[in-house]
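Going by the working numbering, the sequence shown opens with residue 1115, and the numbers climb by one from there.
The structure under discussion appears below in the form of structure tokens.
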Amino acid sequence: IKELELSKKKVDDEIQLLYSFLLNEIGSKDLDNLKELLAGRKLTEILSELDNRKQVIQNLDSDLTIKREELSNVCSQSKYFEEKTKTQEKEANTKKEIINMLEKTIKKRDEEYREQIMAIFAYLAKDRQFEYRIKAFFILN
């Protein structure tokens, strides 16, 4: 975009120089040169060159507009992906928090179940027949 703007400025400067040249030719030459200019080739060449330069400027303006639109689209896409990434990060953090909470709950329940099982075994350990049945169970399995 900067290159296109510089090219446009250069062409604008050249047009100003051509206008200055035209004004100097008309102002500084005698009447015969003025007639030659008005009737002749120099004016036609200058006008033709000005038209060509104007077309170049229009093309550069068009290219500049296209580049600005492309840049705008890229910026929009960048913002979209940035927002999408933030959303995904938030979702991932939420899932991590849920997993951590579940792990804590599972650990807490495991501890509670262990305590309950140990209490049951302590109670049943008082019964000798049960002790033999448990030993038999573990031996068979």
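Ideal Cβ placement from N, Cα and C applies to all residues, glycine included.
All of these numbers come straight from a predicted model, not from anything done at the bench.
| Asked | Found |
| --- | --- |
| Beta carbon of L1131 nearer than 7 angstroms to that of L1174 | no |
| Closest Cα partner of L1164 within the set I1253, V1125 and A1250 | V1125 |
| Reduced DSSP secondary structure (H/G/I, E/B, other) of K1240 | coil |
| Contiguous beta strand (DSSP E) assignments of at least 3 residues, all confined to the region 1164–1221 | none |
| CB contact flag (K1122, I1171, <7 angstroms) | yes |
| Nearest-angstrom Cβ-Cβ length linking R1167 and E1205, presumed shorter than 8 angstroms | Not quite, the Cβ-Cβ distance comes to about 57 angstroms (not below 8 angstroms), so this is no contact. |
| Given D1079 as reference, the closest of I1248, Q1230, A1250 and L1120 once Cα atoms are compared | Residue numbering for the chain in the displayed model covers 1115 to 1255; residue 1079 lies beyond these limits and cannot be assessed. |
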